[in-house]
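Protein chains in written order, with our numbering: chain A, 455 to 767; chain B, 1494 to 1583.
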């Protein structure tokens, strides 16, 4: 993070997030755990990097010009990041989001000036993607950065997130990040593999609850175009309950208040760290817990039922 | 014997069951055992005799594609989750 320097605009403070050691979470003194705190970006999530990069690239190519409107399917963080970038660069923004997202995120998006269109809760992120694609097709004044297929997304993580970790650490044996669009894992994974060829790139993937899954058909399976699963070395499924136990552990032991996907990443990282005799595990924590405070899972006894019916990351 | 968790989208094919026990020393054998007992699953799980790309098979929480795929050994008492592919990404 830039210290004692003057930033010309808030967008100049995107990236260069802190990397902190997690000594109280590490399973053994010979295995060192580190966390990249992406919640320290200007709007509080890793998506600031992606939003800024996608708009920069579209402006540079001439595709995005004054007079156009930004449109993006998002269940929250990307929308909030795009709202900041759109505001400072002078574009209106419409976000398509599943009706199930938390109130904080909805309110934040409106406060930043975004217009909201809701897609059916039970269709999750896939439903938001489908609806946004339809809207973009009907109205050519929309410019859709579309983080799922935009190469600027993984590139932001190659040149930013991954490069920052590579310059901070002399050794990385395992990288763990959440699997959403695949941008973080593809970009940061590739950059770290350049520096540490033997690295294991591991994805933490959410196990959706029955109610979320139940209304989909297999044909709905959507694999983001930027995601090349063959570039992943491990892929671990993490339940809501395991994510929340990871979050509680992170807060209890290290004082870090993470978002739901951070809990999943910690859970997966501890499992992988347990397989090592010695080494370095780097985790990317995508956001903080603030935007999930209204969710009922923090002190719920039955986490799974408190989290049913929603998409969390 | 492995415990297989059936996702809601496939329960109609197995008479509404949420969990099934299946036999097999590898992932492929477990899936073959399921398909043999519930032929309606074949179209949902296999493509050209191989596990279909849009179905993720997780063995004890880990995607078998990152292990040895359909040849991944299945220990007695393992848990298998079948999961249709889907995106997240906030």
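Built from N, CA and C at the ideal position, the CB exists for glycine as well.
If I measure Cβ to Cβ from residue i and keep anything under 6 Å in the same chain, skipping five residues before and after, which residues do I get?
i: residue 569 of chain A; result: 548
i: residue 736 of chain A; result: 488, 619, 626, 629
i: residue 752 of chain A; result: none
i: residue 1574 of chain B; result: 1498, 1551
i: residue 475 of chain A; result: 488
i: residue 1563 of chain B; result: 1520, 1521, 1544
i: residue 1508 of chain B; result: none
i: residue 615 of chain A; result: 642
i: residue 610 of chain A; result: 503, 504, 507
i: residue 1528 of chain B; result: 1534, 1535
Could you check how far apart the C-beta atoms of residue i and residue j are, in whole angstroms? I think they sit under 8 Å.
i: residue 598 of chain A; j: residue 586 of chain A; result: 6 Å
i: residue 1511 of chain B; j: residue 1504 of chain B; result: 7 Å
i: residue 711 of chain A; j: residue 705 of chain A; result: 6 Å
i: residue 695 of chain A; j: residue 757 of chain A; result: 4 Å
i: residue 653 of chain A; j: residue 605 of chain A; result: In fact, because the Cβ distance is near 22 Å, the residues do not count as touching under 8 Å.
Buried or exposed, going by whether 16 or more other CB atoms sit within 10 Å of the CB of residue i?
i: residue 514 of chain A; result: exposed
i: residue 1532 of chain B; result: exposed
i: residue 622 of chain A; result: exposed
i: residue 715 of chain A; result: buried
i: residue 634 of chain A; result: buried
i: residue 517 of chain A; result: exposed
i: residue 1556 of chain B; result: buried
i: residue 662 of chain A; result: buried
i: residue 460 of chain A; result: exposed
i: residue 668 of chain A; result: Its pLDDT being 43, under 50, residue 668 of chain A is placed unreliably in this model, and the value from its coordinates should be taken loosely. When all chains shown are included, residue 668 of chain A counts as exposed.
i: residue 647 of chain A; result: buried
i: residue 458 of chain A; result: exposed
i: residue 591 of chain A; result: exposed
i: residue 713 of chain A; result: buried
i: residue 578 of chain A; result: buried
i: residue 1542 of chain B; result: exposed
Can you name, in chain order, every residue of its own chain whose Cβ lies under 7 Å from the Cβ of residue i, other than the five neighbours on each side?
i: residue 671 of chain A; result: Low per-residue confidence applies at residue 671 of chain A: pLDDT is 37, beneath 50, and the placement is therefore not dependable enough to give any value.
i: residue 732 of chain A; result: 484, 485
i: residue 496 of chain A; result: 464, 467, 468, 502, 538
i: residue 492 of chain A; result: 471, 499, 500, 738, 739, 740, 741
i: residue 575 of chain A; result: 552, 553, 554, 763
i: residue 1553 of chain B; result: 1571, 1572
i: residue 566 of chain A; result: 534, 537, 538, 541
i: residue 446 of chain A; result: Lying before the first or after the last residue shown, residue 446 of chain A is absent from chain A, which here runs from 455 to 767.
i: residue 649 of chain A; result: 620
i: residue 1559 of chain B; result: none
i: residue 1626 of chain B; result: Nothing about residue 1626 of chain B can be reported from this structure: the residues present for chain B run from 1494 to 1583 only.
Can you give me the Cβ contacts of residue i inside the same chain, cut-off strictly under 8 Å, excluding the 5 residues immediately before and after it?
i: residue 1514 of chain B; result: 1494, 1495, 1496, 1497
i: residue 1577 of chain B; result: 1500, 1502, 1547, 1548, 1549
i: residue 589 of chain A; result: 525, 548, 550, 571, 596
i: residue 685 of chain A; result: 639, 640, 643, 644, 655
i: residue 673 of chain A; result: Low confidence applies to residue 673 of chain A: its pLDDT is 41, below 50, so where it sits in the model is not reliable, and the reading given next is rough at best. Around residue 673 of chain A: no qualifying Cβ.
i: residue 617 of chain A; result: 645
i: residue 522 of chain A; result: 545, 595, 596, 597
i: residue 481 of chain A; result: 724, 727, 728
Considering only their Cβ atoms, is the gap separating residue j from residue i smaller than 8 Å?
i: residue 797 of chain A; j: residue 559 of chain A; result: Residue 797 of chain A falls outside the range modelled here, since chain A spans only 455 to 767, and no answer is possible.
i: residue 544 of chain A; j: residue 563 of chain A; result: no
i: residue 728 of chain A; j: residue 700 of chain A; result: no
i: residue 540 of chain A; j: residue 524 of chain A; result: yes
i: residue 494 of chain A; j: residue 477 of chain A; result: no
i: residue 573 of chain A; j: residue 740 of chain A; result: no
i: residue 430 of chain A; j: residue 504 of chain A; result: Summary: the structure shown does not reach residue 430 of chain A, with chain A confined to residues 455 through 767, and so no result is reported for it.
i: residue 719 of chain A; j: residue 658 of chain A; result: yes
i: residue 612 of chain A; j: residue 678 of chain A; result: no
i: residue 608 of chain A; j: residue 637 of chain A; result: yes
i: residue 528 of chain A; j: residue 749 of chain A; result: no
i: residue 1536 of chain B; j: residue 1526 of chain B; result: no
i: residue 1539 of chain B; j: residue 1506 of chain B; result: no
- Task: Mind the definition here: the region 744-761 of chain A touches the region 717-724 of chain A only if three or more C-beta pairs lie below 8 Å; say whether that holds.
- Result: no
- Cβ pair count under 8 Å reaching 3, the region 683-693 of chain A against the region 456-476 of chain A: no
- Message: With a threshold of 8 Å, are at least 3 pairs of Cβ atoms found where one atom belongs to the region 1514-1531 of chain B and the other to the region 1565-1572 of chain B?
- Response: Judged by Cβ distances under 8 Å, the region 1514-1531 of chain B makes contact with the region 1565-1572 of chain B, as three or more pairs qualify.
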